[in-house]
Structure formats: C-alpha cells, structure tokens
Amino acid sequence: MDDLDRRLAALSPERRALLERRLTGASGGAAVAPRPAPEVPAGESENNPGFSLFFFSAETGDVAASKYDLLLKCAGFADRAGFEAVWVPERHFDAFGGPYSSPGLLLAALAATTTRVKLRAGSVVLPLHDPLLVAEQWGVLDNLSGGRVGLSLASGWHTQDFALAPQAYERRREILLERLQELRGLWAGKPVSRLDGAGQPVELLSHPRPATARLPIWLTSSGNVSTWKAAAAADTHVLSALLEQSVEELADKIAVYRKARAEAGLDPAAGRVTVMLHTYVGATLEQARQEARGPLVRYLLAHMSLFEKLLARTGAIDLAKVTEADRRTLAEMAFERYFVSNGLFGDVATASAMVRRLREAGVNEIACLVDFGIPAPTVLDGLTNLHELARSVWQSA
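With UniProt numbering, letter number 55 in the sequence shown gets 55, and the count goes up by one each step, no holes.
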C-alpha cells in the first residue's frame with residue numbers, strides 16, 4: 001500500500017464522502033447526494049410490459065410553469081419507482097400540447113433531477129429539423145443523462161407546424177425515412193455532406209459524440225399499417241396509441257410488424273412496441289371515473305379543436321355547422337370509449353384487465369399519459385395506485 005492509499009484508508013467515512021463530492025465537482029453550499037434509486041423490479045420481459053409516463057397536456061388558464069412542476073414531480077416518482085421512461089412530445093403553435101415545443105430542453109431538466117429513468121421524445125417531427133442539429137442537441141442530452149436518451153420520430157401531420165419547413169410538407173413521410181438514416185449515421189460517427197456559407201461542399205460530423213453507440217429509435221404511428229411496415233424495414237421500434245384503434249386492431253398491426261421484421265432477416269422480438277394510453281388509476285372504479293371524466297372531456301374538446309382547424313383549412317368541414325352541443329356529445333362519447341376500452345382507467349383490478357389484453361396483443365411498454373387535466377395533487381396520488389398496478393404486473397409470472 002503506497003502513501004496515498006494509506007492516507008485514504010485513514011479518512012473517516014464523513015471526510016471520505018466530502019472528498020468524493022469535491023472530486024466529482026460538487027459545489028455551492030452543502031452538497032446533497034442524490035437519493036439512491038430503488039431496487040428496480042424485473043419489469044418488462046417477454047410476458048410483462050414495462051411502464052412509463054407520457055406527457056401531452058393542453059395549455060389552460062394556469063401558467064406553463066405549473067405543467068413543468070408536475071412533469072418534474074412525476075419524473076422523480078418514475079425514477080424512484082422503477083418505471084422505464086418518461087416521454088414528452090414536440091408540439092408547435094397551438095394550445096393543445098403547447099407546453100411541449102422543446103422536448104430536448106424539458107428532458108435536460110429531467111436529466112439533472114433523475115438518475116436512471118430513460119428520457120424519450122415522443123415524438124421529434126424530423127421533417128422540421130436538420131438531422132445535424134438533432135444529432136448534436138440530443139447528443140448533448142445523451143451525455144448529460146449518462147446515455148438515457150431515446151427518440152420516436154414522426155412525419156408530422158398538421159399544416160400549421162410546417163410553417164417551420166413549408167417545403168417539406170408534401171414529402172414529409174419520405175423525408176422522415178431519409179433523415180432517419182442520416183441521423184442514425186451521424187449518431188454512429190459518420191459524416192454528412194452539406195454546403196457551407198460560401199456554397200462549397202463540406203463533410204460534417206456532429207459533436208459532442210453521444211454516450212451511447214446506437215440511438216434507440218421508434219417510429220410514431222397513429223394507426224396506419226404502412227408505418228409499422230416501414231418501422232420493420234428500418235429496424236426501429238414503434239410508438240403507437242389507442243386513440244381510434246381497438247386493442248384487437250393493434251394486435252393485428254403488431255403481428256404485421258413482427259412478421260415484416262422476420263422477413264427482413266431481423267429478430268422479430270427485438271423490435272419493441274410502446275403504446276400510449278390516457279391513464280388514471282384510482283382507489284376505486286367509481287372514484288377514477290369521477291376524477292377523470294370532467295378533465296378528460298375538456299381535454300378531448302381541445303384535441304377536437306385542433307383537428308377542426310386543419311379540416312376547416314382543407315374545406316372538409318364547415319365549422320359554422322358544428323355546434324357546441326355537437327362537440328360536447330362527441331367528447332362525452334369519446335370519454336366512455338377511453339374509460340372502458342381505450343385507456344388505462346379504474347382501480348388496480350380493472351386496470352389489470354387492460355394490461356393483460358395489451359400483453360396478449362404483444363405490447364412491450366405501456367406509456368401512461370397522466371397530464372390530461374386532472375389536478376396535480378390527484379395525479380400524484382394516482383401514481384401510487386399506478387405503481388401498485390405496475391408492481392403486480394412485474395411480480396406476475
């Protein structure tokens with residue numbers, strides 16, 4: 001043992017901890033060690049899907065900071081409880097999803113306050129962005145988080161979003177797949193060709209180099225089976241949702257995806273399927289219904305308004321003929337569908353039945369959308385019940 005080893009061995013536990021904090025760069029007042037992550041259950045396996053949290057709130061009368069406060073608190077819970085990931089979307093120019101115009105910035109905040117939960121974008125609208133910037137910005141986050149980044153990539157759909165890249169709208173689906181390959185290459189350290197400010201061709205690499213060698217990529221599908229086939233051909237995972245499709249329809253698409261992967265010479269089981277579900281697990285079935293009904297109906301009305309704007313621009317509907325009573329009736333009907341068969345609602349027992357259906361359909365990860373308007377204290381209380389549900393799944397055979 002040399003002199004340095006002897007001096008280190010002679011330190012008290014308190015002085016050793018102080019030295020470790022100084023060596024790792026802690027500064028500013030009394031350093032506080034992060035709470036240790038719990039022993040993470042086995043979670044997702046061949047038979048048991050993992051659980052994640054998903055965020056997609058609409059702007060309401062409160063300030064955006066309150067939405068972010070809920071996001072931070074929920075992410076901390078997910079990190080401690082052994083959940084798989086936290087997902088945030090990319091949305092622009094509308095109150096619906098308005099707090100989420102910059103998923104990378106929000107996830108950077110989570111990188112600083114969590115230690116193990118994965119940080120994922122659901123989704124990056126890739127036709128709006130140069131893959132060089134995507135690779136650099138998310139490479140920063142991958143380093144900050146210790147390699148916890150994952151991206152679901154989407155083609156985009158609302159014409160208003162493409163004010164950022166109007167020339168990309170018509171070919172957005174093709175551009176998505178082209179840029180996916182460029183992004184994947186950049187992440188792996190391959191250069192791309194561009195013209196510089198003088199109009200001269202240059203070969204460029206993205207910096208910093210990411211912490212992970214291969215970027216986990218999903219393709220986002222609202223239900224179109226062609227996207228599932230494209231994901232199989234591109235060797236990506238799939239992020240989908242139970243919006244207008246049933247569990248049975250979802251199972252059929254998962255089967256198409258697995259078959260297409262096998263035909264491409266890829267391991268069918270290596271492609272993961274993540275499904276987003278509006279979620280609130282209460283103490284009882286009736287309490288869950290009472291807490292979720294009003295907020296979800298208002299949320300669905302806001303979602304409906306986003307679609308109406310697009311359809312009105314294309315001349316598909318005459319908004320003057322759509323009454324408020326019509327909208328309300330449609331939203332109430334949608335609530336019943338979500339609560340009974342297209343969401344994760346009820347108490348632990350009733351929600352378990354939906355988890356079993358998703359597991360049998362081939363789902364690998366359930367991404368629980370929790371910020372659809374239920375008051376924040378109630379959302380946080382509901383996470384305890386959701387964790388109980390997750391634990392029951394993790395512990396099942």
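From the three backbone atoms N, C-alpha and C, an ideal C-beta is built for every residue, glycine too.
Item: So what's Glu365 in DSSP terms, helix, strand or just coil?; Value: strand
Item: Buried or exposed, going by whether 16 or more other CB atoms sit within 10 Å of the CB of Leu53?; Value: buried
Item: Is the separation between the beta-carbon of Val154 and that of Thr220 shorter than 8 angstroms?; Value: Position check: residue 154 holds Ala in this sequence, whereas Val was assumed. In contact: Ala154 and Thr220 (Cβ atoms closer than 8 angstroms).
Item: Got a sec? Which residues, its chain only, sit under 7 angstroms from Asp235 by beta carbon, not counting five neighbours each side?; Value: Leu266
Item: Count the C-beta pairs between the stretch 335 to 342 and the stretch 223 to 231 that are closer than 8 angstroms, then say yes if the count reaches three, no if not.; Value: no
Item: Using DSSP with H/G/I as helix, E/B as strand and the rest coil, what is Val370?; Value: coil
Item: Any beta-carbon of chain C closer than 8 angstroms to the one on Ile254?; Value: In summary, chain C is missing from the structure at hand, where a single protein chain is found.
Item: Identify the continuous beta strand (DSSP E) that holds Thr159 and give its terminal residues.; Value: Thr159 -> no beta strand (DSSP E), and no H or E assigned at all.
Item: What does the alpha-carbon distance come out to for the pair Pro36 and Asn364?; Value: Reliability fails at Pro36, whose pLDDT of 35 lies under 50, so the model's placement of it is uncertain and no value is given.
Item: Since Ala112 and Leu183 should fall inside the 8 angstroms C-beta cutoff, what is the C-beta to C-beta distance between them, to a whole number of angstroms?; Value: 25 angstroms between Cβ atoms; not a contact.
Item: Nearest CA to the CA of Leu119: which residue from Leu383, Pro131, Gly147 and Glu263?; Value: Gly147
Item: Ignore the nearest five residues each way along the sequence and tell me which others in Ser396's own chain have a CB closer than 7 angstroms to its CB.; Value: Asn48
Item: Whose CA, out of Leu105, Pro377 and Leu242, lies closest to the CA of Leu369?; Value: Leu242
Item: So, at 7 angstroms on beta carbons, what are the nonlocal neighbours of Ser145 in its own chain, with the 5 sequence-adjacent residues on each side left out?; Value: Ala111 and Leu119
Item: Which word fits Val149, buried or exposed, when buried means at least 16 other C-beta atoms lie within 10 angstroms of its C-beta?; Value: buried
Item: Please state whether the Cβ-Cβ distance between Leu72 and Leu126 is less than 8 angstroms.; Value: no
Item: Keeping to the same chain, check which residues put their C-beta closer than 7 angstroms to that of Ile374; ignore five residues upstream and five downstream.; Value: Tyr280, Glu291, Ala292 and Pro295
Item: Phe301: which of Lys67, Ala325, Arg391 and Tyr68 sits nearest, CA to CA?; Value: Sequence inspection shows Leu at residue 301; the Phe mentioned does not correspond to that position. Out of Lys67, Ala325, Arg391 and Tyr68, Ala325 has the C-alpha closest to the C-alpha of Leu301.
Item: Would Leu239 and Ala361 qualify as a contact pair, given that the criterion is a beta-carbon distance under 8 angstroms?; Value: no
Item: Kindly identify the DSSP beta-bridge partner or partners of Thr279.; Value: Leu344
Item: According to DSSP, simplified to helix, strand and coil, what is His129?; Value: coil
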